Amino acid sequence: MEKLIDDYELELCEVDCVPGAPLYSAKAHIPGDVSEVMPYLNSVLDRAFYSGDNEFIVWKNRERKFVLRPHELAASLIMDRPEARRVIGEAVTWINDIWDRRGGMTPDHEKRIPPQPLEVLKHLPGSNCASCGLATCMAFAFELIEGNKRLDDCPGLLEEENYGAREKLEVLGL
């Protein structure tokens, strides 16, 4: 079967917000438009953020964040060029596999954008108890949005009186 992504040019970039940092981002510049795979990725990824119009899809795999755009795949937290080749290569293989299996899948065109931190904060207990490992509920809100924390990491959200708030956070895609 023909691969969706069979060629790309790899670029290693300094992280814009931290010049001189020991970590990079890797970008694969793809000659063809790969946007048609995005709704299929959206259907298999938990907690992905998707534009709904095939402009981008963002997801995390462990600590690493990925962004797919029509002509570009980017990955964060890259140490060096060999790691960039490996990480991008694995992601390309996975994307090509999803593309190969699309005939048996239902694409998900639902737009999912990350909620704003204050929107998340208003559904958190607000106790700043630090039981989640962070000093404040606002810090937890940021980490929740980034995918570094899960709802279960907040003991207050496990209490019966906060089930409604937890459900609202789940509706937000967290």
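In my numbering, the protein residues as written are 970 to 1143. The beta-carbon is built from N, C-alpha and C at its ideal position, and this holds for glycine as well. Predicted model only: the values in this text are computed from it and were never measured.
In the structure shown, Cys1106 falls within a helical segment according to DSSP collapsed to helix, strand and coil. By the Cβ neighbour-count rule, Val1140 is exposed, with fewer than 16 other Cβ atoms within 10 Å of its own. Assignment of Ser1020 by DSSP, reduced to helix, strand and coil, places it in the coil class. In the three-state DSSP reduction, Ala1134 falls in the helix class (H, G or I). In the same chain as Trp1028, and ignoring 5 residues on each side of it, the C-beta atoms closer than 6 Å to its own belong to Leu1014, Ala1017, Phe1035, in chain order.
In the displayed model, Leu1120 falls within a helix according to three-state DSSP. For Lys1091, the closest C-alpha among the options Gly1058, Cys1106, Tyr1132, Val1006 is that of Cys1106. The DSSP-derived three-state label of Asn1030 is strand. If the five residues before and after Asn1131 are omitted, its C-beta is found closer than 7 Å to the C-beta atoms of Pro1094, Gly1125, all from its own chain and listed in chain order.
Here Ala997 is near Ile1057, since their CB atoms are less than 8 Å apart.
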